[in-house]
Amino acid sequence: MPTPRWWDAYGALERPLCLDVRPRAAFAQGHLRHAVSIDGLGALRTRFSTLPPRGVPFLVVGADADLLQTFVPRERWAIVAIVLVDTHVPADLLAQATHPVELLSAAALQRVAAGRWTCDDDPALLFEPAPVVARALAHTPPTSPLAVLDLGCGAGRDVAYVLTKARRQQRACRATGVDRWRAALRRAALLMEDLHVDTDTHGAQVCEALLAYDIQDDGRIKPVRAAGAEDLEACELGVWATRLPHARYDMVWVVRFWPRALLRALPQLVREGGLLVLSHFAHAPADDVPRRGAPLAAYASPPIDRRVHAWEIPALLAHWRAHYGPCEVLEQCIEPVEDGRPVHSVVVRRGAGPPGASTHHHEPAWALDFDGNRDRIVRSIELAKAAGSTLRIGPELEIPGYGCYDHFLERDTEQHSWEVLAELLRTDLTDGILCDVGMPVTHHAVLYNCRVALLDRRILHVRPKMWLANDGNYREMRYFTPWMRPHATETLTLPACITACTGQTQVPIGDALLAAPDTVVGVELCEELFTAASPHIAHALQGAEILINSSGSHHELRKLHRRIELIREATLKLGGVYLYANQRGCDGDRLYYDGCALIAVNGEIVAQGAQFGLDDVEVVSATVDLADVRAHRTAKSRGMQAAWLAAGHGGLPAGGPPRVDVPQRLTRTAQLTEPPSAPQPVHYHTPPEEIALGPACWLWDYLRRSRTQGFLLPLSGGLDSCATAVIVHSMCRLVHASCAAGNEQVLADARRIVGEPADSSWVPASPQALAERLFVTCYMGTANSSEATRERARSLAAAVGSCHYAFDIDSAVSAVLHVFQLVTRCTPRFRVHGGSPAENLALQNIQARLRMVFAYLFAQLAPWVHGRTGGLLVLGSANVDETLRGYLTKYDNSAADLNPIGGIAKADLRHFVSYAESAFALPELGAFLTAPPTAELEPITAEYVQSDEADMGMTYDELTVFGRLRKVGKCGPYSLFVKLLPLWTPRLTPEAIAAKVKTFFFEYARNRHKTTTLTPAYHAESYSPEDHRFDLRPFLYPVHFSYQFRRIYEVIAQLRGSAS
């Protein structure tokens, strides 16, 4: 007989599914291979929840005409055909069928399915399990026995999948399902029976128990009362676990169910090395979590409060690590369920052993990223609690981010900060730990930069900053007012959102000490450490033994020494423990906050954190003995000063600062064999190391947060663009090392940036392997370019692994000049060809500006060329000295998106490249170090080769001196000349020094307008001329400085007169 169409369609299915609804006796005599047997229509109607979901095709075999009516109203099923065996069907019923129908005898069906007919085999699953459960099972050893627990098992689909998978693997498996709905458990029991994994089968794969329990909002578990039975009491998870078939399970999953309180204790049910699997509907999924498929952006059910929020998973993982030891995230993703709604899925392997102790940390805040900042605060508190800490401090203004700037003037910024604080207080996060967090606070219509002390879900005290940072990059007085009442507090009225969760309406605000039963804590903020009358002086004299400083201090080359020496001096003179926490990372602008959390005791550093890095949170730990502090303070002079201050002398109120009660001990009794942490040498990076690390970390933060796909660098073959390329290489080295060390956040960011799919397992094999996916370099030559620069660019690109393009732009230059010639009938010439200075400069500038045009063209289209979406960030490479002098073309290829070396001196860049030659094993850098600096914008002749220093009229080293004296030394032309006289004499005559000073200020003044359009540059140098915030000066000057230079020449005349 010919093969029926429905059989061809069934055979073509990737996963052929067959539902056999004939009586069990007929099924036993023969059936399609892997068919699922349901004993008649009555049994079918109790099993609808176990059938395939919408759109999954399957075949139905039956022996009852009523089967057609059963499926007619349920059009959601994609039925290939309904095959009725030895059955008479009335014509009118057959005409109503909405699916293909075939009437066959049993013998005919056996002939059609000759190759797939059997009497004994395992039934297939008619449904797909939760994808994350199927993937998680692959993380278990395929031959070891399994004990699994499904919380919220419903009709038992996932349990059935795991058991049948274990049967195919011939591994023992025992499963337990828990659900609050008895009807769902009855359907689950029928499914286990159909698949022969129920308790009556006595096989190696058994569903041991299907239990009716209700998991309540407080995390307690209550038996679901059967009809007519007495109500039973709820119990804690630990008690309930004793009633389960197993004390610990190899795999526990909670899918499409989110019992928040219970989840925090879930690792209690999992053996060490076992898996915890979570998957639930996501609200506003985090951007940094990989995607699988394309989930819907919006959906109605479940409601928002019943979904998992982006911050909850990191907070939950931190809590698990804190209370149950290490947890390894094996996978994490956002993926769609059948109808497209997104779920956040995560698979975690529980490790062994408790975490170590800690005292404080730093974290990378990001301006206005309230969700992300909250999540990082939550994680840090969880880690601190896990380590047994009773005090946690974080960086300055950590809730909104320090770099909000004028956004601090918006009411929303403070309002959202209070709302985030309320979220922290609604949970048990602050139970048993004194937490110090930063945010803006308005009191009596005045905005203050504050620290807020929290304990046991309540606010204890608000400490406003007294001395504000208001120079250099800081403009705090533009937004905040300093607290002008030292040693005094007032009453702050709290907003309604805080009152709603704590019951408090007022708290003290002002300068006070936090007094615990066993010690006293003093608080100061960042800049206050650097001032002459630092608050820690009076606080320590009035009994504060622990001093805490929450800082937002940015990186500058050679700056760390000052910060550390001030901390050491503070505790050396006064005695005490100083805890310093600082932000680390890019906060959204030119600054990189360089971490380096510290613990100092009596003038010695006993713990120091990393200054640079890619980790979100770093914990710094130390054991300190307060008896050492008290012994250090026994000097009589200190006692007299403390008593003098307490008596009301020195302009401060008598009695010292008010004390706010902290109703909890902050210390513990140490073991007799536990020594305090020993002093350690302070680690300082050399300036070349700082350049290798700071700008590299800044670039990575900017890249991952900007959601772009990489960098493009015009690589000229000179030292500056070389240094920029090496900084990108350093970034790739850091990212590769973090990925190799298992940093999941860095790896997820790297995969997203390079365009890997959500389910990718790609890991960069080397820094070069990463660079070839995210770094493009271009050598844009002209007739004035040399083969030496072209070859240096090529060799460096090959060494760092960038995708390199080398091409000439002469045709574009000629085309632009041709238009000019057609319009003006004039042909400009270079100076070496007899042209005027204006012609010479214009011909150089057109080359430089066209390079900018090509750079942006390639940045926008290079990903497209390689089959990817998105664009690249263009990197500039003008150093701070050239910018100061104005030795650059406005809107040339220095006009970029970012400039990692724009705040670094030429001399420092040279030292950095020399360092990288050996540290990064890049011998190609040697050629850059010996090459003379040149723009290569003028023709090379036998008599003339363009030189940067000749063009500028001074050396790069001299420019550095000018820059530091102008900005840091606060020198104008006259005082700068006076400073240089003893420094540069007798190497230069007074007239020569005056000529260099005059040249510098003339060029600086007439080129100052260029700083208004500078590319945002990494801030690394104290004399940066950056106009946007750091170096505020006019850009239209009287460029000849006639009065100032007349005074200089008067000094020279006096010198000549006295000499004669």
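So in UniProt numbering, spot 238 of the sequence shown is number 238, and the numbers just go up one at a time.
Don't be surprised by glycine CBs; every beta carbon is placed ideally from N, CA and C.
The structure presented is a predicted model; accordingly, all values stated were derived computationally and were not measured.
Please name the residue in Asn1007, Gly639, Ala500, Ala422 whose C-alpha comes closest to that of Gly886. Locating residue 886 in the sequence shown gives position 886, counting from the first residue. It is Asn1007.
In terms of alpha-carbon separation, which member of Pro16, Asn893, Leu151, Leu850 lies closest to Glu128? The count along the sequence shown starts at 1 and reaches residue 128 at position 128. Of the candidates Pro16, Asn893, Leu151, Leu850, the one whose C-alpha sits nearest the C-alpha of Glu128 is Pro16.
Distance, Cα to Cα, Thr98 vs Arg116? As a first step, residue 98 is located in the sequence shown; it is residue number 98 there, counting from the start. As a first step, residue 116 is located in the sequence shown; it is residue number 116 there, counting from the start. Going from the Cα of Thr98 to the Cα of Arg116 covers about 26 Å.
Any idea what DSSP makes of Asp20, helix, strand or coil? Looking up residue 20 in the sequence shown gives position 20. Three-state DSSP puts Asp20 in a strand.
Give the list of continuous alpha helix (DSSP H) stretches no shorter than 4 residues that lie fully inside the stretch 800-847. 810-824
Kindly indicate which three-state DSSP category His729 falls into: helix, strand or coil? As a working note, residue 729 is residue 729 in the sequence shown. Reduced to three states, the DSSP call for His729 is helix.
With distances taken between CB atoms, is the gap from Glu527 to Glu476 smaller than 9 Å? On the sequence shown, residue 527 is found 527 positions in, with the first residue counted as 1. On the sequence shown, residue 476 is found 476 positions in, with the first residue counted as 1. Yes; because the gap between Cβ atoms is below 9 Å, this pair is in contact.
Starting from residue 1073, trace the alpha helix (DSSP H) in both directions and tell me its first and last residue. As shown, the chain starts at 1 and ends at 1060. That puts residue 1073 outside it, with no answer to give.
Length of the line joining the Cα atoms of Val462 and Val452: Along the sequence shown, read from residue 1 onward, the residue named residue 462 stands at position 462. Along the sequence shown, read from residue 1 onward, the residue named residue 452 stands at position 452. Cα to Cα, the separation comes out at about 5 Å.
Answer with buried or exposed for Thr242, where buried requires no fewer than 16 other C-beta atoms within 10 angstroms of its C-beta. The residue given as residue 242 occupies position 242 in the sequence shown. The residue in question, Thr242, is exposed, as its Cβ has fewer than 16 Cβ neighbours within 10 Å.
Going by the beta-carbon positions, is the gap between Val21 and Asp64 smaller than 9 Å? Locating residue 21 in the sequence shown gives position 21, counting from the first residue. Locating residue 64 in the sequence shown gives position 64, counting from the first residue. Cβ atoms of Val21 and Asp64: closer than 9 Å.
Under 8 Å, with one C-beta from each stretch per pair, do the stretch 760-779 and the stretch 632-642 reach the 3-pair mark? no
Where does the unbroken alpha helix (DSSP H) through Val961 begin, and where does it stop? Position 961 of the sequence shown, counted from the first residue, corresponds to residue 961. Counting along the chain, the alpha helix (DSSP H) containing Val961 begins and ends at 956-967.
Under the rule that 16 or more other beta-carbon atoms within 10 Å means buried, what is Met484, buried or exposed? Within the sequence shown, the letter at position 484 stands for residue 484. Exposed, since its Cβ has fewer than 16 Cβ neighbours within 10 Å.
How is Tyr1004 classed by DSSP in three states: helix, strand or coil? Here residue 1004 refers to the residue found at position 1004 when the sequence shown is read from its first residue. Here Tyr1004 sits in helix by DSSP.
Assuming Tyr402 is part of the alpha helix (DSSP H), what are its boundary residues? Residue numbering aside, residue 402 sits at position 402 when the sequence shown is read from its first letter. Looking at the DSSP string, Tyr402 is not in any alpha helix (DSSP H), and its letter there is neither H nor E.
My guess is that Thr70 and Leu94 are in contact by the Cβ rule of under 8 Å, so how many angstroms apart are they, rounded? Mapped onto the sequence shown, residue 70 falls at position 70. Mapped onto the sequence shown, residue 94 falls at position 94. 15 Å between Cβ atoms; not a contact.
Gly154, DSSP secondary structure in three states: If you number the sequence shown from 1, residue 154 lands on position 154. Looking at Gly154 - three-state DSSP - the assignment turns out to be coil, as it is neither helix nor strand.
Helix, strand or coil, according to DSSP, for Pro57 in the structure here? The residue labelled residue 57 in the question sits at position 57 within the sequence shown. Pro57: strand per DSSP, three-state reduction.
With DSSP collapsed to three states, give me the class of Asp194. Counting from 1 along the sequence shown, the entry for residue 194 is found at position 194. Helix, per DSSP.
Closest to Cys497 by C-alpha separation, out of Glu419, Thr442, Asn449, Ile82, would be which residue? Position 497 of the sequence shown, counting from 1, holds the residue named residue 497. Proximity to Cys497 across Glu419, Thr442, Asn449, Ile82 peaks at Glu419, based on C-alpha coordinates.
Could you pull the start and end residues of the beta strand (DSSP E) that Phe711 belongs to? Along the sequence shown, read from residue 1 onward, the residue named residue 711 stands at position 711. Segment 711-714, the beta strand (DSSP E) holding Phe711.
Going residue by residue through the stretch 923-957, where are the continuous alpha helix (DSSP H) segments of at least 4 residues, counting only ones entirely within it? 926-930, 948-952
Beta carbon of Arg167 nearer than 9 Å to that of Leu276: Taking the sequence shown and counting its residues from 1, one reaches residue 167 at position 167. Taking the sequence shown and counting its residues from 1, one reaches residue 276 at position 276. Going by C-beta atoms, Arg167 is not nearer than 9 Å to Leu276.
Rounded C-alpha distance that separates Ala25 from Leu104: Against the sequence shown, residue 25 aligns to sequence position 25. Against the sequence shown, residue 104 aligns to sequence position 104. Looking at the two C-alpha atoms, the distance is approximately 18 Å.
With DSSP as the reference, label residue 1061 as helix, strand or coil. In the structure as shown, the chain begins at 1 and stops at 1060. Residue 1061 is therefore absent and cannot be evaluated.
Count the CB pairs spanning the stretch 592-609 and the stretch 409-418 that are closer than 8 Å, and state whether there are at least three. no
Residue(s) in a DSSP beta bridge with Gly588: Counting from 1 along the sequence shown, the entry for residue 588 is found at position 588. In the DSSP output, where bridge partners are listed per residue, Gly588 has none listed.
Can Ala184 be considered in contact with the ligand NAP, in the sense that its beta carbon sits closer than 8 Å to one or more heavy atoms? This structure lacks the ligand NAP, and indeed carries no ligand of any kind.
Span separating the alpha-carbon of Arg829 from that of Ile901: Along the sequence shown, read from residue 1 onward, the residue named residue 829 stands at position 829. Along the sequence shown, read from residue 1 onward, the residue named residue 901 stands at position 901. Roughly 33 Å between the two C-alpha positions.
contact_flag[the stretch 427-434, the stretch 494-510] where n(CB pairs < 8 Å) is 3 or more: no
Relative to the C-alpha of Leu872, which candidate in Thr708, Leu857, Thr164 has its C-alpha closest? Indexing the sequence shown from 1 puts residue 872 at position 872. With distances taken between Cα atoms, Leu872 lies closest to Thr708.
Using a Cβ distance threshold of 8 Å, determine whether the stretch 692-701 contacts the stretch 849-866, with at least three qualifying pairs required. no
Does Gly356 come out as helix, strand or coil in the three-state DSSP assignment? Counted from its first residue, the sequence shown places residue 356 at position 356. Residue placement at Gly356 cannot be trusted, given a pLDDT of 31 that sits under 50; what the coordinates show is reported in the next sentence. Reduced to three states, the DSSP call for Gly356 is coil.
Just the Cα atoms here: how many angstroms apart are Trp311 and His34? On the sequence shown, position 311 is the one that residue 311 refers to. On the sequence shown, position 34 is the one that residue 34 refers to. In a straight line, the C-alpha of Trp311 is about 44 Å away from that of His34.
Which class does Lys222 belong to by DSSP, given the choice of helix, strand or coil? The residue you call residue 222 lines up with position 222 of the sequence shown. Looking at Lys222 - three-state DSSP - the assignment turns out to be strand.
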